[in-house]
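Residue numbers (the numbering used here): 32 to 269.
The beta carbon of each residue, even a glycine, is placed where N, CA and C say it ideally should be.
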């Protein structure tokens, strides 16, 4: 048995580029990401209220919670969110934005939120091991990264039944569509605000939540494992 040189990609843009300009004798494969376990990430209305009160107290029960799980780094776009919130606080009266994750920019970002008097809107939870519970207590998954190979945090949100508010980039574009997400260009303030104005549209929210679950299942762990198994079969040559 011999194994050919091969590259496995996890987004359409990389796959198509390699097919176009890559080494002709190399094989290229596209997988639906690394896969997310739907036994861990799933929606639960029963747990939602309990988890909210445990982490944020009873005052959070009437707020729409937007959760962004990402390292606190420049490319993840936290500054963009803070800028918009500080300039348009009146749009976030019943919205709570949660930043989950740690990183070198954390203290600077926290200072910006405090100086902008937005600490009641934006909360920093730091590194967490209970991401699945954080998504279960949330209403929307948020991601405004400049670039992304594959947005695994978005798939986790989708499988938790969360509609997504996200920037357009290669990793997001592979996963999302307009049925389950509000999409806007990078650093597009009007586009982001337009999505925020729709947050309380309950009828639309319920439709998008159902679509989110359907879309997330395409990137479920078992599907990725099946695709990887198919790739291994192709690579085994007599």
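query = Under three-state DSSP, which class holds residue 149?
reply = Residue state, collapsed to three classes: coil.
task = Taking residue 126 and residue 230 to be in contact with their CB atoms under 8 Å, please state how far apart those CB atoms are, rounded to whole angstroms.
result = Their Cβ separation, rounded to whole angstroms, is 6 Å, which keeps residue 126 and residue 230 in contact under 8 Å.
query = Got a sec, what are the start and stop residues for the alpha helix (DSSP H) residue 101 sits in?
reply = Per DSSP, residue 101 lies in no alpha helix (DSSP H) and is assigned neither H nor E.
ask   = With respect to the alpha helix (DSSP H) encompassing residue 183, which residues constitute its N-terminal and C-terminal limits?
value = First-last of the alpha helix (DSSP H) with residue 183: 183-190.
task = Please report how far the alpha carbon of residue 201 lies from the alpha carbon of residue 173, in whole angstroms.
result = For residue 201 and residue 173, the distance between alpha carbons rounds to 16 Å.
ask   = Between residue 250 and the rest of its own chain, which residues show a CB-CB distance below 7 Å, the 5 nearest in sequence each way excluded?
value = Excluding residues within five positions, the ones whose Cβ falls inside 7 Å are 63, 64, 66, 67, 186 and 206.
request  = Put residue 268 into one of helix, strand or coil per three-state DSSP.
outcome  = Per-residue confidence for residue 268 stands at a pLDDT of 49, beneath the threshold of 50, marking its modelled position as unreliable; the derived number appears in the next sentence. Strand at residue 268.
task = Can you tell me which of the three DSSP states residue 44 falls into?
result = For residue 44, the three-state secondary structure derived from DSSP is helix.
Proximity winner among 259, 195 and 199, relative to residue 10 (alpha-carbon distances) = Any question about residue 10 goes unanswered here, given that the chain covers just 32 to 269.
query = Buried or exposed: residue 235, going by 16 or more other Cβ atoms within 10 Å of its Cβ?
reply = Sixteen is the threshold: since fewer than 16 other Cβ atoms of the shown chains lie within 10 Å of the Cβ of residue 235, the residue is exposed.
inquiry  = Let's test the definition: count the other Cβ atoms within 10 Å of the Cβ of residue 54 and tell me whether it reaches 16, buried, or not, exposed.
reply    = Label assigned to residue 54: exposed.
key: Identity of the residues DSSP links to residue 172 by a beta bridge   = According to DSSP, residue 172 bridges with 98 and 195.
query = Secondary structure at residue 131, three-state DSSP: helix, strand or coil?
reply = In the structure shown, residue 131 sits in a strand (DSSP, three-state: E or B).
key: Euclidean distance between Cα positions of residue 57 and residue 264   = Going by the C-alpha atoms only, they are around 16 Å apart.
query = Helix or strand or just coil, what does DSSP make of residue 157?
reply = Of the three classes helix, strand and coil, the one that applies to residue 157 here is strand, per DSSP.
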